Amino acid sequence: MREKKKMDLGSLRELLLIGVVIILCIIWTIMNPQFISMNNVTNILRQGSYTAIAAVGMTMVIIIGEIDLSAGSLICASGLVGAMVCKSTNNVVLAVSAALLVGVVVGGSNGVLCAVGKLPGFIATLASMTVLRGLAYIITGGNSVVWTNEAFTKIGTGYVGIVPIPVIIMLVVIIFGVFLTSKLRFGRYIYAVGGNMEASRWSGIAVVKVKIIVYMIMGVLTSIAGLIVVTRLGSGQPSAGQNFEMDCITAAVVGGTSMSGGRGKIIGTVVGVLLLTVLTNGMTLVGINTYWQQVFKGIIIVVSVLADTHTKKN
Amino acid sequence: MGKVLLEMKHISKSFGAVRALKDVSIDLHEGEVLALMGENGAGKSTLMNILSGSLLPQEGEIYVEGQKVSVTDPVTAKKHGIAKIHQELQVVPELNVAENIFLGRWFKKKLPVVDFESMITETQKYLDMLELDVKPTQKVKDLRIGEQQLVEIAKALSLDARILVMDEPTSAISEKEAEKLFTIIRRLRSEGRGIIYITHRMEEIFKIADRLTVMRDGAYIGTVNASETDTDEIIRMMVGRDVSEQYPKDPTEKGDVAFEVKDLTYTPAPGSFRRSLKNISLKVHHGEVLGIAGLAGAGRTEFFECVAGVHAREVTGEIYIEGKPVSIRKPGDAIRAGISFATEDRKGSGLVLQRSIGENISLPLLRQFSKYFVMDLKNEGRAWEEQIEALKVKAPGSRTLASALSGGNQQKVILARWLLTKPKLLLLDEPTRGIDVGAKAEIYQLINNLAKAGMAIIVVSSELPEVIGISDRIVTFCEGELTGEFLQAEATQEKLLHSATK
């Protein structure tokens with residue numbers, strides 16, 4: 002009985018957020034019926050897809066008590082590498098593998114700097130964010146990279162039936178994230194290390210390894226998001242993905258992940274992405290300009306975290 | 198007895214499903230020291246947090262000198278003349294002593310310039326009062342823990358409060374410092390102030406308290422005059438039953454050697470505050486409890502850490518489990534070899550506070566409770582329930598957060614975890630520190646039962662009667678060296694102390 006009550010309290014937050022999403026949907030539909038059209042709903046899902054994919058990784062990084070500021074630069078770098086390999090080899094498998102490899106390497110080096118080098122994640126990833134962005138401009142000379150392979154373009158623009166491919170990828174990533182954090186042994190390691198690194202170490206958990214792997218997962222997921230972004234845009238841009246990491250962090254925080262580590266849920270983050278995407282999409286649709294959109298986004302962050310800390314106190 | 202200074206009436210407070218306080222009423226008179234007693238989790242700290250405005254009660258009223266007051270936050274508490282010395286230090290390490298004492302009310306010359314000179318002079322006054330030999334300009338982080346606690350006390354004194362709450366003020370200070378504190382408390386009392394004093398140490402009660410109020414399980418049990426009661430009655434009131442035989446010790450069958458260490462030497466990395474160890478060699482048999490006595494900083498905890506594989510790179514020496522040499526390069530190796538270390542530092546190296554009791558219990562055994570990377574939640578859940586049951590952890594369920602538990606129950610969760618690993622050798626570091634009599638008795642019984650079942654146990658404890666009471670054999674540590682060995686029958690406090698201070 003008591004156990005059940007506790008569970009309800011835990012998912013209360015997600016239910017509340019879903020409630021807010023539904024209310025928002027109703028408001029937007031009243032203001033502009035087009036909002037609920039098939040076309041726009043698909044659009045929302047596609048817009049949210051790449052943020053959700055990387056935010057799943059970001060949630061794990063935050064649970065472990067760290068942060069990844071390099072996500073935006075990595076989105077750009079992995080997309081560029083994919084585009085360049087596709088351009089020169091015309092081989093989709095090679096292009097995708099190369100992009101994912103970039104994610105593994107960048108994530109891995111973030112993890113090593115952080116876990117072995119004992120740098121705070123904030124600093125390590127701040128550095129890689131800057132380095133990657135610089136490299137993106139050096140390699141491209143500031144120009145965009147285009148390719149001709151249609152199959153590569155399909156990653157971001159294609160459909161299976163009526164479902165966009167990015168949405169399918171997103172669903173797979175979400176299921177992976179939920180399964181990993183709630184059912185896998187590694188999920189337990191993440192929560193334990195994020196909650197108390199010393200206690201985890203003394204319990205025989207390989208803290209360094211766990212941190213590096215989490216950063217690698219983050220890197221790979223970000224690269225997948227990068228492939229979607231670049232193929233949707235149709236060209237590799239050295240300026241792509243600016244501030245993208247902030248969207249991921251926002252979604253995680255709105256979804257209830259604690260910035261001090263040890264607590265958070267993938268599902269919360271997914272709902273957070275949905276809320277932010279519906280908000281942005283709706284505001285654009287009813288004609289609220291982008292500056293005001295930013296103001297509202299900021300307010301959402303404050304309100305949701307305030308509500309969270311307040312309910313925890315009681 | 199002076200007139201009534203403070204009344205708290207019918208106070209109730211719940212945290213979620215947990216009822217922390219049930220209709221508690223207490224009163225405090227002018228010029229008296231009221232000791233507030235109770236086991237961990239009895240609700241003392243909650244009650245005092247309500248008085249000092251850190252928590253809001255759901256029901257109940259507070260009267261100061263007959264006037265009903267509403268204490269909504271620490272600032273209004275101060276206005277009503279209520280000040281509290283916290284159990285956990287609340288100093289700002291990077292600020293100096295004077296800045297800490299007058300935190301939030303720094304003297305100002307002309308806004309916004311701070312008048313440091315008079316703050317320092319004023320601070321010196323309180324430091325002299327406490328005979329505390331530190332400078333007002335020293336950074337608090339450079340002080341010893343005991344000195345930091347005295348700074349907290351100075352801070353409360355400087356508030357010039359009518360009602361002073363002291364929550365275990367002597368837990369980190371030396372006996373000499375405690376005596377000074379008692380002198381000051383007596384003076385404050387003669388000035389007509391009221392003091393509420395929380396402690397687990399019986400002897401302190403009889404030294405300074407006028408009356409005692411006992412709480413149990415969030416309820417008021419009773420109030421007695423200190424001059425008309427004794428330790429047994431207080432314990433009975435606190436526990437709700439007689440605590441029979443303090444140290445249960447059944448004769449055990451001493452088995453083969455379970456654990457042996459030869460020439461363990463530990464050279465800490467430069468800059469570390471840890472004590473180095475020199476050529477420690479000892480043996481523990483199955484079914485034997487070995488006590489380690491020594492002063493704080495003698496290297497006892499370091500010894501445990503080395504055996505448990507925490508400092509593997511800086512350690513030399515050989516370790517044998519049941520006669521077979523084992524190589525311990527990391528904590529996981531020790532756990533696999535059958536060595537479990539229950540730490541004293543519950544919040545540091547012990548518990549993951551924001552996770553559930555259950556997750557904390559199975560932390561070292563996640564591999565055992567999973568199959569191909571996937572957790573076997575059913576099996577794991579069963580183990581959680583069994584351990585909670587076996588150790589009588591008081592909690593609503595296995596999913597309760599570890600942070601919601603009292604100190605004694607947190608200690609039990611740590612024990613539950615390490616017993617689940619079914620160790621051959623159990624290392625217990627101060628297993629009863631900061632926990633109440635009832636839980637202490639349970640832990641003694643547990644140690645006794647484990648030894649009877651054939652486990653080898655090493656216990657570090659700073660309380661000499663405890664070490665003598667529960668161990669078959671006792672060794673003493675002094676400055677990183679093993680300095681003596683005694684059988685229980687021949688050990689006395691004097692001998693141990695002598696051997697530990699060579």
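Quick mapping for you: the protein sequence lines, in order, are chains A and B. The opening residue of the first sequence carries number 2 in this note's numbering; numbering runs sequentially from there. The opening residue of the second sequence carries number 198 in this note's numbering; numbering runs sequentially from there. Where is the CB? At the ideal position from N, CA and C, for every residue including glycine. No experiment lies behind these values; they were computed from the predicted model shown.
Minimum Cβ-Cβ distance from residue i to chain B less than 8 Å
i: Ala200 (chain A); result: yes
i: Lys184 (chain A); result: yes
i: Ala116 (chain A); result: no
i: Arg14 (chain A); result: no
i: Ala253 (chain A); result: no
i: Gly66 (chain A); result: no
i: Ala308 (chain A); result: no
i: Gly256 (chain A); result: no
i: Gly269 (chain A); result: no
i: Gly205 (chain A); result: yes
i: Gly196 (chain A); result: yes
CB contact check: residue i to chain A, cutoff 8 Å
i: Thr540 (chain B); result: yes
i: Leu550 (chain B); result: yes
i: Arg564 (chain B); result: yes
i: Glu556 (chain B); result: yes
i: Phe570 (chain B); result: yes
i: Ser567 (chain B); result: yes
i: Ile247 (chain B); result: no
Best match in the options for proximity to residue i [C-alpha to C-alpha]
i: Gly242 (chain A); options: A:Phe36, A:Met32, A:Ala55; result: A:Ala55
i: Tyr192 (chain A); options: B:Asn557, B:Asp427, B:Thr462, B:Ile393; result: B:Asn557
i: Arg233 (chain A); options: A:Gly269, A:Val147, A:Gly283; result: A:Val147
i: Leu661 (chain B); options: B:Tyr641, B:Gln565, B:Leu492, B:Met572; result: B:Leu492
i: Leu409 (chain B); options: B:Arg216, B:Lys649, B:Gly199, B:Glu229; result: B:Glu229
i: Ala200 (chain A); options: B:Val507, B:Lys521, B:Gly666; result: B:Val507
i: Ala423 (chain B); options: B:Ile432, B:Ile405, B:Ala416, B:Asp414; result: B:Ile405
i: Val57 (chain A); options: A:Asn33, A:Ser240, A:Gly257; result: A:Gly257
i: Thr158 (chain A); options: A:Val22, A:Tyr51, A:Ile289; result: A:Tyr51
i: Ala252 (chain A); options: A:Pro239, A:Gly262, A:Ile23, A:Lys266; result: A:Lys266
i: Thr43 (chain A); options: A:Phe297, A:Leu75, A:Val161, A:Asn290; result: A:Val161
As assigned by DSSP and simplified to three states, the class of residue i
i: Ile300 (chain A); result: helix
i: Asp339 (chain B); result: helix
i: Asp224 (chain B); result: strand
i: His695 (chain B); result: helix
i: Ala224 (chain A); result: Going by the sequence as given, residue 224 (chain A) is Ser instead of Ala. Ser224 (chain A): helix per DSSP, three-state reduction.
i: Tyr569 (chain B); result: coil
i: Asp626 (chain B); result: strand
i: Phe403 (chain B); result: helix
i: Gly391 (chain B); result: strand
i: Glu660 (chain B); result: coil
i: Asp460 (chain B); result: strand
Chain-order list of residues whose beta-carbon lies under 8 Å from that of residue i (same chain, five-residue window excluded)
i: Thr498 (chain B); result: Glu541, Asp626, Val657
i: Val209 (chain A); result: Ala116, Val117
i: Val311 (chain B); result: Trp303, Phe304, Lys305
i: Ala125 (chain A); result: Asn111, Leu114, Cys115, Gly118
i: His283 (chain B); result: Glu349, Asp364
i: Cys26 (chain A); result: Phe36, Ile37, Val279, Gly283
Boundaries of the alpha helix (DSSP H) in which residue i is found, first to last residue
i: Gly415 (chain B); result: Note, Gly415 (chain B): premise wrong, no alpha helix (DSSP H); not H, not E.
i: Arg579 (chain B); result: 574-587
i: Lys377 (chain B); result: 372-387
i: Ser50 (chain A); result: 39-64
i: Thr513 (chain B); result: It is not in any alpha helix (DSSP H) - Thr513 (chain B) instead sits in the beta strand (DSSP E) that spans 512-518.
i: Leu186 (chain A); result: One point to set straight first is that residue 186 (chain A) is Arg, not Leu, in the sequence displayed. 186-196 is the extent of the alpha helix (DSSP H) around Arg186 (chain A).
i: Leu133 (chain A); result: 122-141
Chain E within 8 Å of residue i, Cβ atoms only
i: Gly263 (chain A); result: Of the protein chains in the structure, A and B, none is chain E.
Close Cβ partners of residue i (< 6 Å) along its chain, the five nearest in sequence each way excluded
i: Gly635 (chain B); result: Glu236, Val436
i: Gly108 (chain A); result: Tyr216, Met217, Met219, Gly220
i: Gln584 (chain B); result: Ile558, Ala613, Leu617
Range of the contiguous beta strand (DSSP E) that encloses residue i
i: Gly681 (chain B); result: 678-684
i: Pro522 (chain B); result: 521-523
i: Gly488 (chain B); result: 486-490
i: Phe470 (chain B); result: First-last for Phe470 (chain B): undefined, no H or E at that position.
i: Ser211 (chain B); result: 201-212
Same chain, Cβ closer than 7 Å to residue i, neighbours up to 5 away in sequence not counted
i: Thr273 (chain B); result: Gly250
i: Ile477 (chain B); result: Val458, Leu461, Phe500, Leu679
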